[in-house]
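With this note's numbering as the guide, the letters of the sequence shown map in order to residues 106 to 564.
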Amino acid sequence: MVRGLPWNLDEFDQAKQAYTSFEMVERCEWWFQHTPRGDSATKPPLVGWMSAGFYRASGSWDVAWRLPSLLASLAILGLLWKSGMEIGGLATAFLATAAFAWNILTLRIATLVRTDMVLTAFIFAAGWLIWRRLQRGEKWTWSDTGWLTFFFTCATMTKGPIYHAFLLPGLGAWLWLAGNLPERKKIGMGYLVASLISLLPFLLWTWLRMQQDSAFYNQVVVKEFLGRFTTGPNAVHNNQTWYFYLPHLLTKTLPWGLLLILALAQREARELLRKHSATLWLVCWLVGGILAMSLVPAKRVDRIFPIIPVAALTLASLLPILREGKWLSPRVLTAIGVLTIAGYTSYTAILVRNGYHDGLGRLVEFGKSARRFCEDKGWNYALIEGRDEGLLLYMGQPEFVSVKTAATELKKDGVTAVVVDSKNLPRLTERAGPLEVLLKADHPTDANYSYFLVKLGGR
């Protein structure tokens, strides 16, 4: 979580995810949640439930919001380490964990208040279960299907059935290429059964939500899901070229992505894939996920993240091929790993230092100071909607108020103080009368935008 310091919710829609658990605790909205601006929450509630539980246990929202991603990343690291040790011992385990942990994407996503890392953990656990059975040459059992159902259900209640985009294309390719492998049909049937069962709670949640909120279908189903497939000038989301993910993956996972391509390009890799169904599954899983996500017009770098641990395990599986290369000796590979970790550690330290220096936690401190100031004086207070949704959570408020409402409450002493941004301050002054500024904070990324804690002048 160090990479996210100073902790804030001011970017990447973190405030939306944080608000779901806040609403669960403050308003007992355990099944259906909203965004800070009052729209329907676009994701199922599983991660919100986790954060709400962690808050009950720790009493700290800063910990509760970030703990699900941290624990998910540690779980993935544990699976990669265990797998690496089984494949080839300490060196392979080191390579697998380093390739997953030490890249720009993981370092950032593991620190965000989002669902990406948790979703990745469930997807990876499902695919890893298939890999482990193939790696050990063990039979697929009904217990394995049960675990697959559990992982799929958790993934679906985290972010919907998007996990199919990462697993299903690769599974189809593997079933076709695996030939007459005895467990092939059992694994395929297990996937089908798990998919159908895991879809039931999600469909129930979606149906009940549409019954309760008529806007849910347009906001979530049409805009958030179907909108990702729209193209042209009327596209709902930002469209990118089909190859958008490839350069981003290569640059953001250096040097691991290049090492993986180098290993796969060797003739020995093709021989290994023909003989070893477990490694074939990893490559099918990896390539299938990239291709499927590349076909979706709306793209964003974080959406491809679930293939990162798959790539790490694939790279570890191909370590013998890398070691046999003319210039990639064990010593060279070790040097690459050490230099990469040192480089990303320095990079992280610089970003954290710059974050504190540039005041990226300024709104967090302002919100907490305004809240503490009002509570110490026994004042009621409110927050007018501004640019930053996170400020609502920093102040511990359940909802924004309009300028009209704030002015009315100030004049009749419903509230004593109001937080307002520089854009709405003139409108509030016009409606409520002269205001006294008690606290002020400039926006960390916009010098022309500020927030104020104000009360009526003369009171």
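Heads up, the beta-carbon is just placed ideally off N, CA and C, and yes, glycines get one too. Since this is a predicted model, take the numbers as computed values, not measurements.
Looking only at DSSP bridge pairs, what is residue i linked to?
i	result
His353	Its beta-bridge partners do not exist; DSSP assigns none.
Leu488	Val524
Phe557	Val525, Lys545
Ser145	His139
Asn285	The partner list for Asn285 (beta bridge, DSSP) is empty, contrary to what the question assumes.
Which class does residue i belong to by DSSP, given the choice of helix, strand or coil?
i	result
Ile267	coil
Val506	strand
Ser434	coil
Ser382	helix
Ala416	helix
Ala403	strand
Leu540	strand
Asn344	strand
Asn459	helix
Met155	helix
Pro150	coil
Asp249	helix
Lys328	helix
Trp112	coil
Val218	coil
Pro338	coil
Lys516	helix
Ala511	helix
Gly562	coil
Ala320	coil
Gly442	helix
Ala617	As shown, the chain starts at 106 and ends at 564. That puts residue 617 outside it, with no answer to give.
Ala552	coil
Thr202	helix
The beta strand (DSSP E) with residue i in it runs from where to where?
i	result
Val130	Segment 119-132 is the alpha helix (DSSP H) holding Val130; no beta strand (DSSP E) there.
Report the rounded CA-to-CA distance for residue i versus residue j, giving the unit in angstroms.
i	j	result
Tyr554	Arg467	13 Å
Leu308	Arg289	29 Å
Thr225	Ala177	8 Å
Met500	Ala475	7 Å
Lys545	Tyr124	24 Å
Gly519	Gly562	16 Å
Ala270	Ser174	21 Å
Thr220	Lys517	42 Å
Asp407	Leu456	19 Å
Leu515	Ala522	7 Å
Ile292	Gly393	17 Å
Leu420	Gly277	22 Å
Lys528	Ala416	47 Å
Gly472	Trp166	14 Å
Ile426	Val130	52 Å
Val388	Leu543	60 Å
Thr356	Ala511	48 Å
Glu116	Leu313	30 Å
Ala157	Ala440	43 Å
Tyr449	Leu305	42 Å
Pro274	Pro402	17 Å
Tyr268	Arg213	21 Å
Asn485	Cys479	7 Å
Trp390	Leu239	14 Å
Ile209	Thr358	6 Å
Glu535	Lys509	10 Å
Gly483	Met262	41 Å
Ala368	Gly164	48 Å
Leu465	Trp170	18 Å
Leu172	Gly538	45 Å
What are the start and end residues of the alpha helix (DSSP H) that includes residue i?
i	result
Thr311	289-317
Leu369	361-369
Gly472	467-482
Ser174	166-193
Pro411	Neither: Pro411 is in no alpha helix (DSSP H) and is coded neither H nor E.
Phe229	221-241
Gly495	495-499
Thr211	209-214
Leu423	It is not in any alpha helix (DSSP H) - Leu423 carries neither H nor E in the DSSP assignment.
> Taking contact to mean at least 3 C-beta pairs separated by less than 8 Å, is the region 248-265 in contact with the region 340-357?
Replying inline: The region 248-265 vs the region 340-357: no contact.
> So does the region 304-320 actually touch the region 129-147, counting three or more Cβ pairs closer than 8 Å?
Replying inline: In this structure the region 304-320 touches the region 129-147; the number of beta carbon pairs closer than 8 Å is three or more.
> Any contact of the region 449-469 with the region 391-404, i.e. 3+ C-beta pairs under 8 Å?
Replying inline: Taking one beta carbon from each stretch, the region 449-469 and the region 391-404 have fewer than 3 pairs nearer than 8 Å; the two do not touch.
>> For the pair the region 290-305 and the region 114-124, tell me if three or more CB-CB distances fall below 8 Å.
In response: With fewer than three CB-CB distances shorter than 8 Å, the region 290-305 does not count as touching the region 114-124.
>> Three Cβ pairs or more, each shorter than 8 Å: is that satisfied between the region 179-189 and the region 225-235?
In response: Short answer: they touch.
>> Can you confirm whether the region 204-211 touches the region 357-374 when touching is taken to mean that 3 or more C-beta pairs between the two stretches lie within less than 8 Å?
In response: Because the criterion of three Cβ pairs below 8 Å is met, the region 357-374 and the region 204-211 touch.
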